[in-house]
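**Student:** This structure is in structure tokens; I'll ask about it shortly.
Residue numbers (our numbering), protein chains in the order written: chain F, 1 to 360; chain X, 1001 to 1360; chain D, 2001 to 2360; chain A, 3001 to 3360.
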């Protein structure tokens, strides 16, 4: 069986490497094109990685020996792959993602640049798979033929938006105050200095609170009149912190609902929740996307981040809030669900919905 | 000049050792009596500490050679000291603090057992020095002559209650949602296992959220009709976490006021705030109790915990809240302001107000 | 196909839990008997673990619902299993291991008590599988019929003794000075206090240097005259430290040989080394037991500990020593190769050599 | 009393900031000139630091408001200061230190570039104050008038060379194998990535082992024939590691002597050791430069690095070595003794010996 040919933009970065790992032996996709900055262009992937290649010990020689192209060699990309994952910085994304789309290549992006464009789906497959319906409109308006852009939201909110979604659908979320404690891997490599995080924490992550407050409204919004209209009537306040954890973002939330549910209703909604990825049994989808833990001191990053292959959200400590209705703790793996593997899940949904061409 | 003679109950524990450090060369007090559990009784303090004595390298031989008495030897305490600091567990405090008070010894306590007794001041000298006026009533009701009990609140709330106080006085706090990230030293020694905190955090601290929600109301309350009536009209929701930090509790707060102040009003109140300890220039009082930092990524535990000799609260990131009125980050040193040195400040206030006997 | 029935002594401890994980779906063995201290006796394994059961999320209900017996219920063990793994403390091992052996049950032990008994094999299957020939003698002398004791060496030396072995066989090791930097998981749970290891290290581990100096001589020794005679002519000096690493012991070694090899001879011996476990393709054996890494800054615990399923030793930085002949860095997973999975490998060798009864 | 005017080259870096802290209120010196790279030139020190100024909270406005000059503005330096501290990189030192010296300014350097020049003292004031006698020769040969260069050795060896010195003087060191576990502050800021050090260690520090093996020989050498001849008959092998510690380098050493001392002789030599800085009571000199600790698990970085104002070396675990004669653990504060404060001590010695001009 032929698999779709995949390109990785930003292949030598941390997220790029995670994409290559996540696509090892993938049933739908095979990596055939790698792009990075000019200084890597012309090298084999193995050489381009050099000592940065810490995540790639188990990657096959077929991929390690691929040539790396400059990100501006879009023609070659057009010949060598069927769609691309974009793991580049927001600045690079601003320039190149639309060029790739214009060249006929669907772009599944981790970058933040196009996230808030009203015609670009900001996709969490368990929540808003219906937003993909905006794609034909996006192509028409932008004059693109086969290409388009789909974005993945910020890693911080993937720990709590999935569990909030079934509650919002049933009871309506009105107000939400949350504090995140985020892992250092979210800042890339070298990222956070050890002098800033050993015996310390940093109560600030540039741009993170704004994204955590704005992106959920779009994800929970509706497609109407050729754009994705953000959800209304929800206010969110986010406090974002960096802590001494390698992988796994944790959030403490206090929530006020339009209609106050019972404790048991909430836990039942979480335990029974299944989305389209579960119905379609997508390869990267966890069987159970939301895991509620009974222990009083869970979830914890080191113990729970790998649940469901790093794609499940672990929840604990659901209890009444003295100010709002309920409060709880949520955790997900920022480098899996929140980055490359989440992007792969997005592409799996696109593929099975026919957006990437013929379904093989 | 003669100094008051001081006893330490629980002298061999972490907080007990910190008391002894904090009282080295103190102008008002001198350590003359040490009590601990039966297994230390009869040993010199040096021997009783053994390898636990990690905080005492700089302590003078005069103290290191003091004998340790069993905590039940209250008669000897009565002869050898003028008042005691209690750094024992809540269980031991339940039994013994009232016995010491009944024997005529004022008890300045770090333990939680009597904190919510309506006739026991829960003292932060910058906030509620007037609560000391309940002491004669406490003595009368309990039939105590010279002894009494004054308690110090939980360490978590010392990072944020001092900065909230001038705001509450001026504008009225209505609702408060906060998340703490607390240092491991708050759990004592050995306390938190390294397996629980390296590359990890624990989103739970037993009893801490309840204390963080209840104690502030008493501290902000009023003395009336022979009891301290908790403040009304304030609701607080606390999320308490343990993180990989040695010393320094950090809190992220969202606050709703009865009257919304301006940003500048808040910062000015903080910068200008001085309490009774500052007016009296008490030895352990920081010159400026609230430090507002302009940097966007401060306060941080390792950089800011030692400000004001570990007794100042550092604040940063005051900004509008998307849900309530304002939000900010606050930090204090849990083992200094939040424990022994905070207890010493309490005793300095008691002394200058004449509650510990003649002012020398 | 019937699998051998296995008991775990000390089932609720950290190593006991790791045994249960390592035996999930094992082709030769199935867990049927669990023993622990009196306070767990009578409970299901699930209940006995309680909140300590952090390593058992993926364990099947069949095992989680097994009853836990007191360690003194040897008769029941004799009925319910074919051999036992001992993951108890040295003190408990001193009393009980020989009682289990006397009752006819082979004991595959992680405890240190019998390690230096001259008739007990101290087994690393890649190094001294021939030491198992002492077992019939052990049984005869101790009057045991079917039971016997086989011990696993201390976890610290498993990072360097396997790579030293082929070098010793070829060139003779004369002098060895080494320093270990050991993970906190080696101390069990709660083990090392966070206050001792965050922003710190401890240059001492009780008993570890003595074991690191003495056990290798026995492992490299020869069976003769009914006892295992330690190797002669080798002197070892070990410095053992605890560092802020969760899993993975690292060692820095300087070695003097009887005959000085070339750099290339050493690396070739490592790369080509295969032992009996590899020849027999034992289920827990890594395909390549010694991995030499070319990068100048490897091995590193977090990046390399899981190599070969946690059973390979990673080596790097082979270079000339200014004092002895060569120096290098070695690393292995103390909780896998160094504990339960190493014990399982021992039992796999025993099984295929016929020491556990009929080979199914 | 007039103090000597001091310039800091590399004033905005971590070591530069530590110099400014260490010189606050210094009795001999006052900071009057600051130089850094072109991008800081023209700014006030406060502005040039920006958010990098984490070590300077307590620095006076007098210094914070000083202008920063480009490092090439040597003429201005010549007018505004009497000598300079050099806290620049080795590359910058290679170009500029000799220009400052040629301009008549003594250079007290932390950089590695000139350390091995045979006419440049590599100074640890407790060990080789007599090496300063080479300075007139250095000036004559290089054609410098008042200027000269004195270097400070690498931070790693300051933890063990001071305690080795009295032993070498008495018994002769023949062979030394050592392993360091070095703090992340030694790599500057941002330096070591948190992803490399949380739950990890790095068994490699570029150039560190070579310096640790070569510099001690020069420091223990003798001035003869217009050069400093390295000590002979000593061989040293160093293994250098980076560990998750903020400040404080720890070393484990095995030592062979020409004449084997007794345990008591070694400890007595350490306890009684006083050098020229102690005899002269230099302001930055610790009263007792070598502290031997009896506890079996000391020294530890977090507990012992600040001993003697960060200038004492703490030793522990002296015991017989199975291969050489003795082994022990040594620790010093790499950012104090090993960097800026060590440089200040060097300048204090130079001052009192008259090398910096008239003694005020």
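By construction, the Cβ of each residue, glycine as well, lies at the ideal position given by its N, Cα and C atoms.
Are the C-beta of residue 1246 of chain X and some C-beta of chain A separated by less than 9 Å?
**Tutor:** Answer yes: the Cβ-Cβ gap between residue 1246 of chain X and chain A drops below 9 Å somewhere.
**Student:** What did DSSP end up calling residue 3239 of chain A once you bin it into helix, strand or coil?
**Tutor:** Residue state, collapsed to three classes: strand.
**Student:** So residue 3066 of chain A and residue 3045 of chain A are in contact, right, with Cβ under 8 Å, and what is the actual spacing, rounded?
**Tutor:** About 5 Å; that satisfies the 8 Å criterion.
**Student:** Would a check of beta-carbon distances place residue 2198 of chain D closer than 9 Å to chain F?
**Tutor:** Yes, because at least one Cβ of chain F sits closer than 9 Å to the Cβ of residue 2198 of chain D.
**Student:** Of the residues D:2111, D:2318 and D:2158, which one's Cα is nearest the Cα of residue 2268 of chain D?
**Tutor:** When only C-alpha atoms are compared, the closest one is D:2318.
**Student:** For residue 1181 of chain X, go through chain F and note every residue whose CB falls closer than 8 Å to its CB, in chain order.
**Tutor:** 181, 201, 241 and 243, listed in chain order.
**Student:** Decide if residue 3360 of chain A is buried, meaning its Cβ has at least 16 other Cβ atoms within 10 Å, or exposed.
**Tutor:** Residue 3360 of chain A should be labelled exposed.
**Student:** Can you pull the chain A neighbours of residue 2358 of chain D, defined as C-beta to C-beta under 8 Å?
**Tutor:** What residue 2358 of chain D touches in chain A: nothing, since even the nearest Cβ is about 44 Å away.
**Student:** When you compare the CB of residue 2009 of chain D with every CB in chain X, is at least one pair closer than 9 Å?
**Tutor:** Not an interface residue.
**Student:** Any beta carbon from chain X within less than 9 Å of residue 85 of chain F's own beta carbon?
**Tutor:** Closer than 9 Å: no.
**Student:** So if DSSP puts residue 2109 of chain D in a beta bridge, which residue, or which two residues, is it bridged to?
**Tutor:** D:2086 and D:2151, per the DSSP bridge assignment.
**Student:** Which of the three DSSP states is assigned to residue 39 of chain F in this structure?
**Tutor:** Reduced to three states, the DSSP call for residue 39 of chain F is coil.
**Student:** If distances are taken between C-alpha atoms only, which option among X:1087, X:1090, X:1020 and X:1085 comes closest to residue 1064 of chain X?
**Tutor:** Comparing Cα-Cα distances from residue 1064 of chain X to each of X:1087, X:1090, X:1020 and X:1085, the minimum goes to X:1020.
**Student:** Looking at residue 3261 of chain A and residue 3325 of chain A, is the spacing between their C-beta atoms short of 9 Å?
**Tutor:** Result yes, Cβ atoms of residue 3325 of chain A and residue 3261 of chain A sit closer than 9 Å.
**Student:** Please tell me whether residue 3191 of chain A has its Cβ less than 9 Å away from any Cβ of chain F.
**Tutor:** Yes, residue 3191 of chain A lies at the interface with chain F (some Cβ there is under 9 Å from its Cβ).
**Student:** Can the beta-carbon of residue 3094 of chain A be found less than 9 Å from the beta-carbon of residue 3110 of chain A?
**Tutor:** In this structure, residue 3110 of chain A does not lie closer than 9 Å to residue 3094 of chain A by Cβ.
**Student:** By how many angstroms is the C-alpha of residue 2228 of chain D removed from the C-alpha of residue 1420 of chain X?
**Tutor:** Outside the displayed range of chain X (1001 to 1360) lies residue 1420 of chain X, so it cannot be described from this structure.
**Student:** Could you tell me the alpha carbon to alpha carbon distance between residue 2282 of chain D and residue 2058 of chain D, rounded to whole angstroms?
**Tutor:** Cα-Cα distance, rounded: 23 Å.
**Student:** By how many angstroms is the C-alpha of residue 2346 of chain D removed from the C-alpha of residue 2125 of chain D?
**Tutor:** Whole-angstrom Cα-Cα distance: 6 Å.
**Student:** What residues of chain F sit near residue 3323 of chain A, judged by a beta carbon separation below 8 Å?
**Tutor:** None at all; the shortest Cβ gap to chain F is about 34 Å.
**Student:** Which term fits residue 1039 of chain X, buried or exposed, when burial requires 16 or more other beta carbons within 10 angstroms of its beta carbon?
**Tutor:** Flag for residue 1039 of chain X reads exposed.
**Student:** Can you tell me the Cα-Cα spacing of residue 1034 of chain X and residue 1011 of chain X, whole angstroms?
**Tutor:** Their backbone Cα atoms lie some 6 Å apart in a straight line.
**Student:** For the stretch 3275-3300 of chain A, which residues have a CB atom closer than 8 Å to at least one CB atom of chain D, in sequence order?
**Tutor:** Here the close residues are 3296, 3297, 3298, 3299 and 3300.
**Student:** Between the beta-carbon of residue 1128 of chain X and the beta-carbon of residue 1121 of chain X, is there less than 9 Å?
**Tutor:** Closer than 9 Å, so yes.
**Student:** Can you find a C-beta in chain X that's less than 9 Å from the C-beta of residue 2347 of chain D?
**Tutor:** No, residue 2347 of chain D does not count as interfacial toward chain X.
**Student:** In angstroms with no decimal places, state the Cα-to-Cα distance between residue 3152 of chain A and residue 3167 of chain A.
**Tutor:** Approximately 22 Å between the Cα atoms of the pair.
**Student:** Quick one: grab the DSSP three-state call for residue 102 of chain F.
**Tutor:** Helix, per DSSP.
**Student:** Mind reading off the beta-carbon distance from residue 28 of chain F to residue 343 of chain F? Whole number of angstroms is fine, and I expect it under 8 Å.
**Tutor:** With 8 Å as the limit, residue 28 of chain F and residue 343 of chain F do not qualify as a contact, their Cβ atoms being about 13 Å apart.
**Student:** Going along chain D, which residues have a C-beta under 9 Å from residue 1313 of chain X?
**Tutor:** Within 9 Å Cβ-Cβ: nothing; residue 1313 of chain X doesn't reach chain D, min ~23 Å.
**Student:** Under 8 Å Cβ to Cβ from residue 143 of chain F, same chain only, skipping five residues before and after it: list those, please.
**Tutor:** 102, listed in sequence order.
**Student:** DSSP on residue 312 of chain F, reduced to helix/strand/coil?
**Tutor:** DSSP places residue 312 of chain F in coil when its eight states are reduced to three.
**Student:** Which of the residues in the stretch 202-219 of chain F, read from start to end, lie with their CB under 7 Å from any CB of chain X?
**Tutor:** Per Cβ criterion, the list reads 202, 203, 204 and 213.
**Student:** Can you round the beta-carbon distance between residue 1183 of chain X and residue 1245 of chain X to whole angstroms, since I take them to be within the 8 Å contact cut?
**Tutor:** Going by Cβ atoms, the distance from residue 1183 of chain X to residue 1245 of chain X rounds to 4 Å, so yes, they are a contact pair.
**Student:** Would a check of beta-carbon distances place residue 2302 of chain D closer than 9 Å to chain F?
**Tutor:** It does: the Cβ of residue 2302 of chain D has a partner Cβ on chain F nearer than 9 Å.
**Student:** Spatial neighbours of residue 2243 of chain D within its chain, please: CB distance less than 6 Å, with the 5 preceding and 5 following residues excluded, ordered by chain position.
**Tutor:** Closer than 6 Å at the Cβ level, and outside the excluded window around residue 2243 of chain D, lie 2181 and 2201.
**Student:** Report the three-state DSSP secondary structure of residue 3320 of chain A (helix, strand or coil).
**Tutor:** Residue 3320 of chain A falls in the strand class under three-state DSSP.
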